Structures are given as C-alpha cells and as structure tokens.
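Notes follow once the structure below has been shown.
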Amino acid sequence: MTSIIDHQSPTKSSPHPDNVKIIKKVLNGYVGFANLPKQWHRKSVRRGFNLNIMAIGESGLGKSTLINTLFNKNIMNKDGKGDYNEFSLNGVNEDQLNEEENNNNEQVDKNGFDSNVKIINTQAEIEEDGVKLKVNVITAPGFGESINNIDSWKPIVDEINNRFNSYLEAESRINRSTIIDNRIHAFLYFIEPTGHSLRSLDIEIMKQVHEKVNLIPIIAKSDTLTDEEIQQFKSSILADIEHQNIKIFKPSIYNDDEETLNNTKNLIDTFPFAVIGSTKEVQTIDGRLVRGRKYPWGIIEVDNENHNDFVLLRQLLIRNFLEELKENTSKNLYENYRTEKLKKMGIEQDNSVFKEFDPLARQEEERQLHEAKLSKMEQEMKSVFQQKVSEKEKKLQRSEADLFARHKEMKDKLTKQIKLLEEKKLQLEKQKLLPQEPTTTTTTTQKSRKGFLR
Ligand SMILES: Nc1nc2c(ncn2[C@@H]2O[C@H](COP(=O)(O)OP(=O)(O)OP(=O)(O)O)[C@@H](O)[C@H]2O)c(=O)[nH]1
Ligand SMILES: [Mg+2]
C-alpha cells in the first residue's frame, strides 16, 4: 500500500495539526517514487562513503588490532602505521605536513612545547558488496608515554581543530563542490582495563575533546577483567564521566520499530563498551572457526555478544549509526566550533541583513513606518487647527474691541446731544418764564404778516 497526500479529494479526510488534510490512498498504477531510495542508494554507492575515526589511547592497548578487527582487514600495521596510503595530515595541508613530518618526527607547537605525540593518518579503502568505504584512522603514537603527560592532549586537540579549520576554509572558497570531509567523525578513547576508575589523563583528554568530537570511550582488552570487574569498572567510569560533565556520543532514539528501539536502548545501556580485538581465527571446542583469542582455559570470541561488546561497538560505528555520527559532527560539533571561531575573529552575524528576507520582520517594520506617518500627520493637523482657532479668536477679540469703541463713541455723542438739548430746553423754559414785551411781539406779527402778504 502506498500513501499519498491528496489536497483535492474531500473523501476519507482526517484533521491534521496544520489544517492539512492527509488522505491515505492506494495508487492504481505505478508512479515511480517508490524508486527514490534505490536512486539514493545508487548515488551513494557511486560516490562511496567515508569515515574518519580517531583512535586514542596509550601504547599497547590494542588500538591497531581493534581497528583491523572492525574492518576485518589489516589496515594498521604493528607499528601503528597503515598498510598503504599512510600519511600524516597533521591538520590542513597533506603535502606540507608530510614534509614537516619528514623534517622532524616530533611536533613542536606554537608555544614552543615539545611533544612526543605524533599524529598519523592511515587511509584505507574497503569494499563490501560493491559499496566502497574510505576509512581514515587517525592515531597519536606517543600519547601518554611521557613522564610528564601534562598537555599531551594538545597535539590531538590541535589536529581536531585543524581539520575543522581546513573544512571552514574550503567552505569559504568560491568552488565548494569538491570539499573533502576530513573532520573527525568518531573519537574512540581506549581506557586501560585497570578495573579501578578513570585516571587524570583519561579525564583531561576527554574533557578537552568532548565538545569537538563524538566521544566513544571503550574499555580496551576487556578479556583481562572478569565479568563482575567489568560491570563495576563500567559503573565507576560512567560516574566519573557524569561527575566531570563529559559528553559522550549517544545515538538518538526515534519512533522506530520495536526491534530497532530495543537495540538502540541496549547499546546505550551497555556504555562504555568493553571490547576485545583479534583478527585471528581460532577453533572452538565445538569445532567452529571464529575470530577470537585463545587462552589455556578457553576461547574468547570477538563476534559473540555474550563474550564482549565488540558487536555493539561495530553497530554503533558502522552498521547502524555511521551516518548519525557524521551528521552530528557536521550539524552540531562543527557548527559550534565554526560559530565560536567566527565570533573570536570578531565576525558577528548582522541580523539586520536578513530582515529583508523575513516577511514578519518586514511587515512589522512597515507597520511601524505607517504608524509613525499617521502620528506625524495627526500632529500637523492638530497644529494647523490650533493656529486657525487662535487666529479666529484674535479676530473676534479685535472686532469686539472695535464694537466696544464704536459703542462708546456713539454713547458719548448721544450724551453730548442730550446735554445740548437739555441746555436748550432749560433756556427755553427760562425764556418762557420771563414777562412778554408787547412791542416786540406786534412788530414781529406785523413783520410776518408783511411777509405773508408778499
Ligand atoms: N588480551 C588482549 N590483548 C590484545 C587485545 N587486542 C590486542 N592485544 C594485544 O596487545 C598487543 C598490542 O596491540 P596493538 O593493537 O598493537 O596495540 P596498539 O594500541 O595499537 O599499540 P601502539 O600502536 O603501540 O599504540 C598485541 O600483542 C596484541 O595482540 C585484546 O583485546 N586483548
Ligand atoms: Mg597501534
């Protein structure tokens, strides 16, 4: 049965958190996308895979033997060097550093610190059922061998950093299509099977690298301890790791099928793996030929889960979680390193550059601009209104004063007229009261008559 998302058909719909209706349907004919994993598979097979493992631990702890056992091939020679293609990366430039190694087998760091620790990169290409895997095994001969082991972790940390740096540099180039990933994908730390607890050197190196690599601590040569001792040693190591806040690689638990889920949980519960290594085949009492180690009292089988945790380590490193190791290196460990490095160089991400491309931020910016424009317009209108009101007020005040003045003027005029009239009235009344002179009156009458007659 094939599931598809159908946005058109309303039938058999079920609600989805994002309001997208998901309809499961059986296809009537073959479309072809079921072939995608095969396409991916073909592409991956053509390109091949690569894995960079750093195997660190004191000399003689069985590092080379375990690597050879893991890949079932004699990758590492007895002296710790590879069987072919051996070179020292020592960081970025192979040629330059090979030359450096030829000149002086010992590294001298920038602080003038002489270290007996060398970094050796052994490369091998292996093939299984037509699938190619390029393996780089990085070892550090000389680690933990000095009388004073302070700083013996330094060349190792430098190597991890240099590999990050060369990747960062390659990423910044114009042509990024052929970046070779030399970053460390897994850091196998070999713990001496003392049965006690971690030593200060173990804690120091793990603390120095745990934020840069997928740290996988393993108990080396675990056949030298009894089952009980192994269990006690494991608890003591885990307690130390927790106490020191050291991060170790833990595969993610997804909603896989029950078998995968249980398998992953079993891997985590068995940490740290107690392993043995051997590429030699030995015969068991029941006649089987197995990879293992033969002792006078019996045989320890490499590939037997009841004898040691080698099978689980191989599952974690190669069979089930190789891609997760690489993804965690790239997405988390390298990203953190890159961010820190760029910050130290004073390069900070200018988020305002990305604002343009963020529609929400852009919308918010536009809204703020619009609001600012509106409030400016409102202010302008208010001030115009106030100006007009005050002008009108002044005009009214002026006309009021005018009216008042005119009113006063008229009032004064009228008062004057009243005064004059009253004076006249008084005069007339006075004249009225005076005795009448007849002559004058006759003359006046005569005169008027005369006039009238004319
Ligand atoms: N008992 C026991 N011996 C082992 C085991 N693995 C390796 N050896 C033996 O330990 C010795 C050293 O093994 P190597 O693999 O060369 O150790 P190494 O860590 O690579 O050593 P250097 O390259 O010198 O750092 C050899 O004699 C191995 O046979 C193991 O799981 N158990
Ligand atoms: Mg070796």
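Last residue of the sequence shown: 1068 (the working numbering), numbering continuous. Note that CB positions come from ideal geometry on N, CA and C, so glycine has one too. As the structure is a computational prediction, the values presented were derived from the model and not from experiment.
Identity of the residue in Pro865, Thr840, Glu895, Ala1019 nearest aspartate 883 by Cα: Pro865
So, with DSSP's three-state summary, where would you put alanine 738? strand
Could you give the DSSP three-state label for tyrosine 951: helix, strand or coil? helix
Closer than 8 Å: is that where the CB of arginine 905 sits relative to any heavy atom of ligand 1? no
What do you reckon, is the C-beta of glutamine 678 under 8 Å from a heavy atom of ligand 1? One point to set straight first is that residue 678 is serine, not glutamine, in the sequence displayed. Answer for serine 678: yes, Cβ within range of ligand 1.
Does DSSP classify alanine 888 as helix, strand or coil? strand
Could you tell me the alpha carbon to alpha carbon distance between leucine 1048 and glutamine 1041, rounded to whole angstroms? 11 Å
Less than 6 Å between C-beta atoms, sequence neighbours within five positions excluded: which residues of the same chain meet that for proline 629? Residue placement at proline 629 cannot be trusted, given a pLDDT of 48 that sits under 50; what the coordinates show is reported in the next sentence. Around proline 629: no qualifying Cβ.
Do isoleucine 670 and isoleucine 681 have their C-beta atoms closer together than 9 Å? no
Cβ pair count under 8 Å reaching 3, the segment 762-782 against the segment 947-960: yes
Once you ignore the five residues that flank tyrosine 781 on each side, which residues in its own chain have a CB closer than 8 Å to its CB? Ile793, Asp795, Asn796, Arg797, Tyr948
Between which two residues does the alpha helix (DSSP H) harbouring glutamine 845 extend? 841-857
Below 8 Å, is the gap between the Cβ of threonine 893 and the nearest heavy atom of ligand 2? no
What is the DSSP secondary structure of asparagine 675, counted as helix, strand or coil? Before going on, a small fix: residue 675 reads as leucine here, not asparagine. Coil.
Where glycine 809 and glutamine 846 are concerned, what is the direct C-alpha to C-alpha distance, given to the nearest angstrom? 7 Å
If you draw a straight line from the alpha carbon of leucine 684 to that of isoleucine 636, how long is it in whole angstroms? 45 Å
Who are the near neighbours of histidine 824 in its chain, counting only those whose CB is closer than 6 Å to its CB and skipping five residues on each side? Ile860, Lys861
Could you check where the alpha helix (DSSP H) with glutamate 915 kicks off and where it finishes? Careful: glutamate 915 lies outside any alpha helix (DSSP H), inside the beta strand (DSSP E) at 912-915.
Contiguous beta strand (DSSP E) assignments of at least 3 residues, all confined to the segment 634-682: 663-670
Any contact between the segment 634-649 and the segment 888-896? By contact I mean 3 or more CB pairs, one from each, below 8 Å. no
Using 8 Å as the cut-off, classify the Cβ of glycine 809 as near or not near the heavy atoms of ligand 4, replying yes or no. Looking at this structure, you won't find ligand 4 anywhere; what it does contain is ligand 1 and ligand 2.
Find out if the Cβ-Cβ distance for the pair isoleucine 830, leucine 665 is shorter than 9 Å. no
Helix, strand or coil for proline 831, going by three-state DSSP, please let me know. strand
Environment of valine 889 [buried if 16+ CB atoms lie within 10 Å]: buried
Classification of glutamine 1001 by the beta-carbon crowding that lies within 10 angstroms, buried from 16 upward: exposed
How is threonine 874 classed by DSSP in three states: helix, strand or coil? helix
Which whole-angstrom value is the C-beta distance of leucine 939 and asparagine 828, which I expect to be below 8 Å? 5 Å
Whole-angstrom distance between serine 1004 and lysine 1027, CA atom to CA atom: 34 Å
Where DSSP assigns a beta bridge to asparagine 750, which residues make up the other side? Asn666, Gln737
Run through DSSP, which three-state label would lysine 732 get? coil
When the Cα atoms are used, what is the spatial distance from valine 634 to leucine 926? 42 Å
Within the continuous alpha helix (DSSP H) that includes glutamate 785, where are the two ends? 768-786
Alpha-carbon to alpha-carbon, phenylalanine 863 and asparagine 763: 25 Å
Could you tell me which residues DSSP puts in a beta bridge with leucine 903? Gln897
In terms of residues, what are the limits of the beta strand (DSSP E) holding leucine 1017? Note, leucine 1017: premise wrong, no beta strand (DSSP E); alpha helix (DSSP H) at 973-1047.
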